[in-house]
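2 protein chains.
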Amino acid sequence: MPTPKTTSLRRTRRSSDDLRNQILSAASELFLRDGYANTSIDAVIEKVGGSKRAIYSHFGGKDDLFAAMMANLSESALQAIASAEEKVAGDDVRVSLTKFARAVMRILMDPRTVALYRLIVSESARMPDLAEVFLANGPRRAASALAQLLQRYADAGALTISSAEEAAEHFIGMLRDDVYLEVLLGVRAPLGEKARNARVTQVVDIFLDGTLARRRPSVR
Amino acid sequence: MPTPKTTSLRRTRRSSDDLRNQILSAASELFLRDGYANTSIDAVIEKVGGSKRAIYSHFGGKDDLFAAMMANLSESALQAIASAEEKVAGDDVRVSLTKFARAVMRILMDPRTVALYRLIVSESARMPDLAEVFLANGPRRAASALAQLLQRYADAGALTISSAEEAAEHFIGMLRDDVYLEVLLGVRAPLGEKARNARVTQVVDIFLDGTLARRRPSVR
DNA sequence: GTCTATATTGCGATAGAC
DNA sequence: GTCTATCGCAATATAGAC
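The listed protein sequences derive, respectively, from chains A and B.
Okay, so the first sequence: first residue is 326 according to this note's numbering, each after it adds one.
Okay, so the second sequence: first residue is 326 according to this note's numbering, each after it adds one.
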């Protein structure tokens, strides 16, 4: 059978949901690559096939298509962050931080994340809600997860930090340094796993040897 | 007296240089505020007065006007960085780093820098040279100045660092953390002097207590 | 002023779902 | 067969570069 029955409710030639998803997918690719202003409705429709009308009946307009796409993207981004949070189960501070940092670096250097980051910076002025959603689901979420981790170690006497929140922000800042800026600006390819891990080790060393309590010469 | 229309080279009322500078100034303001696509030639002309013809004869087109404006801006940015480099004359590591970091933070949080940063991220895909010029005059220059400073202290035995370059990048990364991202996205106002200095102290403490040689319990 | 690009809408035709 | 979403194409409107 060419068309195995759709388990869902109605239309099937290319079900309404399929069309919607295909539009979202094509729009993501183009918006992420070329930005909002340089992506035309025609270009999206050319990738998907069909009529421009489909976009307007499904989404309402270009702005709404863009918003829908960003909402869609934030879901997958959120899942990535959530999986990173689970990686911090190690007992040793250095091991925990390293795991966390590697996960963050992997997400940061993902080409999709890079493009999303760039798009957010470009368009947040036009759509303020965009920035809020992105910050809440991405950076703030990662920072507060890390802050909790740091606080636990601080309570256990392994770390000496004045503010877990700020320390977490600084730690993540170290991961997202000039190298990341260069990736963001497209003058350098995203770091591969080996290079990422090397930088993570550097960062963890700098960070930890400043916050490790020195009373107990334990872990080293 | 019927004003003889000077068809080409000579201009009288407003000197050619003045007009050029006024155009650049108006263009800077608009481009920085609204971005490339959302700034129209008409809007620039409206601010300056005169005819659209002026822009095309002076610059050639919108792209060229934009490029000229960016080149113009990078000069002042360069001066700011250069002034930061001079501030590192202190003898004590902590004092030197603090001075340097305060200067960097002041530049970073300058609304003009923020707008420039945002514009670079938005447009570097369209104009790759932009990113190179910006990186060379800004971030890379600051990082390498800091790296030299760090290396001096390392040579003197005050710091233990494996790579001065990378350490410098991480240090600056700590300064440009999530808080800066929020400023960049416009959801938070740039930090005032007091808040900046507080963060600088945090960053220097984290950084130094990890890189200070512990053999000699000297400086602390 | 001219011309191109592009967002947005109008509407008859069509092809599956029911 | 009817119904409805989609299609294809044309038309409108506006902005903005030149």
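Every residue gets a Cβ at the ideal spot worked out from N, C-alpha and C, and that includes glycine.
Taking a 10 Å sphere around the C-beta of glycine 498 of chain A, we find 16 or more other C-beta atoms and assign the residue as buried. For arginine 419 of chain A, none of the residues of chain B pass the 9 Å Cβ criterion, the least Cβ distance being about 12 Å.
For the pair arginine 501 of chain A and glutamate 507 of chain A, the CB atoms are not nearer than the 7 Å cut-off.
Interface annotation, methionine 434 of chain A: not in contact with chain B, CB-CB separation never under 7 Å.
Here glutamate 410 of chain B is not near alanine 472 of chain B, since their CB atoms are 7 Å or more apart.
Close CB contacts of phenylalanine 356 of chain B within its chain, under the 8 Å cut and outside five residues either way in sequence, are with Thr364, Phe391, Met394, Leu444 (chain order). Within the segment 416-486 of chain A, complete alpha helix (DSSP H) segments of at least 4 residues are found at 418-434, 436-448, 453-462, 464-480, given in chain order.
Using a CB distance below 9 Å, the part of the segment 490-522 of chain B facing chain A consists of Glu491, Ala492, Ala493, Glu494, His495, Phe496, Ile497, Gly498, Met499, Leu500, Arg501, Asp502, Asp503, Val504, Tyr505, Leu506, Glu507, Leu509, Leu510, Gly511, Val512, ordered along the chain.
Rounded to whole angstroms, the Cβ separation of glycine 360 of chain B and serine 447 of chain B is 6 Å, and the two are in contact under 8 Å. Within the segment 457-477 of chain B, those residues whose Cβ lies closer than 8 Å to any Cβ of chain A are, in chain order, Glu457, Phe459, Leu460, Pro464, Arg465, Ala468. Counting C-beta atoms within 10 angstroms of its own C-beta, proline 464 of chain A has 16 or more neighbours from the protein chains shown and is therefore classed as buried. According to the DSSP assignment, aspartate 367 of chain A belongs to the alpha helix (DSSP H) that extends over 366-373. Here alanine 440 of chain A is actually not in contact with serine 449 of chain A; their C-beta atoms are around 15 Å apart, not less than 8 Å. Membership of aspartate 502 of chain B in any alpha helix (DSSP H) is not indicated, and neither H nor E is assigned to it by DSSP. Distance from the CA of arginine 466 of chain A to the CA of valine 373 of chain B, rounded to the nearest whole angstrom, comes to 46 Å. Residues of chain B with a Cβ closer than 9 Å to the Cβ of serine 449 of chain A are, in chain order, Arg443, Leu509, Leu510, Gly511, Val512. Taken through DSSP and simplified to helix, strand or coil, asparagine 363 of chain A comes out as coil. CA-CA distance, valine 504 of chain B to serine 382 of chain B, rounds to 43 Å. Between the alpha carbons of serine 350 of chain A and leucine 344 of chain B lies a gap of roughly 47 Å. For chain A, none of the residues of the segment 384-415 of chain B brings a beta carbon within less than 7 Å of one of its beta carbons. For valine 508 of chain B, the secondary structure class from DSSP, reduced to helix, strand or coil, is helix. Remark: C-beta atoms of valine 369 of chain B and alanine 396 of chain B do not approach each other more closely than 7 Å. For arginine 378 of chain A, the enclosing alpha helix (DSSP H) covers residues 377-383.
Linking glycine 482 of chain A to phenylalanine 425 of chain A through their CA atoms gives a straight-line distance of about 20 Å. Among the residues facing chain B, glutamine 527 of chain A is included, as its CB has a counterpart in that chain under 7 Å away. The closest CA to that of methionine 434 of chain B, considering only B/Gly385, B/Ala520, B/Ser341, is found on B/Ala520.
Listed in chain order, the positions of the segment 346-373 of chain B with a beta carbon within less than 9 Å of a beta carbon of chain A are Arg358, Asp359, Gly360, Tyr361, Ala362, Asn363. Residues of chain A with a Cβ closer than 7 Å to the Cβ of phenylalanine 425 of chain B do not exist, since the nearest Cβ in that chain sits about 15 Å away. The beta carbon of aspartate 367 of chain B is closer than 8 Å to those of Lys377 in its chain, skipping five residues each way along the sequence.
Residue environment analysis places glutamate 494 of chain B among the buried positions, since at least 16 neighbouring C-beta atoms fall within 10 angstroms of its C-beta. At least one CB atom of chain A sits nearer than 7 Å to the CB of valine 446 of chain B. Separation of serine 341 of chain B and arginine 427 of chain A (C-alpha to C-alpha, rounded to the nearest whole angstrom) is 56 Å. By the 16-neighbour rule on beta-carbons within 10 angstroms, glutamate 371 of chain A is exposed.
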